[in-house]
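Read the structure below first, then the notes.
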Amino acid sequence: MIHAAFPKLLSSQIAFDIARTIREGFDKHYRLFRQAAQAAKRHFEQGDWAVAQVAARERIDFYDKRVQECVQMLEDEYDPSELTDEVWRELKLHYIGMLSGHKQPELAETFFNSVCCNILHRSYFHNEFIFVRRWCRPSTSTRKKLRRPTACTTRARMA
0 MIHAAFPKLL SSQIAFDIAR TIREGFDKHY RLFRQAAQAA KRHFEQGDWA
50 VAQVAARERI DFYDKRVQEC VQMLEDEYDP SELTDEVWRE LKLHYIGMLS
100 GHKQPELAET FFNSVCCNIL HRSYFHNEFI FVRRWCRPST STRKKLRRPT
150 ACTTRARMA
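Under numbering that gives the first Met the number 0, the first residue of the sequence shown carries the number 0, and numbering increases by one thereafter.
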């Protein structure tokens, strides 16, 4: 498979808008999940077990609901013919830029992948369009030093 080079200039307004929509979707998910976790702590401390149990069940569905909300917004807004390979390449690059300085970049990348994998055909599931960690090398926006061995570093040592 021949891969096209990443664009030298980012010029697609659609790519930027979609990247922003996905980031805002993740930020909404993370904000709501943290609020729910704080409420769960209060329920636990107060011994309100029934409410805590219901809230725990609801929290399990948070992620999927936020992903589906984001997918639905994008499907309502854009015609599939507008989403060319070039738009997807630029979209990922815009998103990487939007994660610079973000407090949860790895989780935001996972959210990006979840949204994109609901929209893209599986033949597009590669590093040009979604975040794929070959040899567990994070994108430049999320590079951090590993403090302890992970499954990825362990696998790499075994190879």
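Glycine is no exception: its CB is placed at the ideal position from the N, C-alpha and C atoms. Remember, it's a predicted structure, so these values are computed and weren't measured experimentally.
Alpha-carbon to alpha-carbon, residue j and residue i
| i | j | result |
| --- | --- | --- |
| W48 | E68 | 30 Å |
| R41 | A54 | 11 Å |
| F32 | R58 | 7 Å |
| L9 | E76 | 21 Å |
| E23 | L98 | 11 Å |
| Q206 | A35 | Lying outside 0 to 158, the shown extent of the chain, residue 206 is not represented and no answer is given. |
| V114 | F43 | 33 Å |
| V50 | S80 | 46 Å |
| I21 | V86 | 14 Å |
| M72 | F110 | 15 Å |
| Q37 | Q103 | 18 Å |
| A16 | T83 | Note that residue 16 corresponds to Asp in the displayed sequence, not to Ala. Approximately 14 Å between the Cα atoms of the pair. |
| Q45 | R56 | 18 Å |
Chain-order list of residues whose beta-carbon lies under 7 Å from that of residue i (same chain, five-residue window excluded)
| i | result |
| --- | --- |
| H101 | A107 |
| A18 | L90, H93, Y94, M97 |
Residue of the options minimising C-alpha distance to residue i
| i | options | result |
| --- | --- | --- |
| L119 | Y94, V70, E23 | V70 |
| K64 | I95, F25, V86 | F25 |
| C116 | A38, V66, D60, R56 | V66 |
Rounded distance between the beta-carbons of residue j and residue i, thought under 8 Å
| i | j | result |
| --- | --- | --- |
| A14 | E105 | Between E105 and A14 the Cβ distance is about 22 Å, and since that is not below 8 Å, they are no contact. |
Sequence-distant residues of its chain with Cβ nearer than 8 Å to residue i (five each side left out)
| i | result |
| --- | --- |
| A61 | Reading off the sequence shown, one finds Phe at residue 61, where the question assumed Ala. Closer than 8 Å at Cβ, skipping near neighbours: H28, L31, F32, A35. |
| A39 | A51, A54, A55, R58 |
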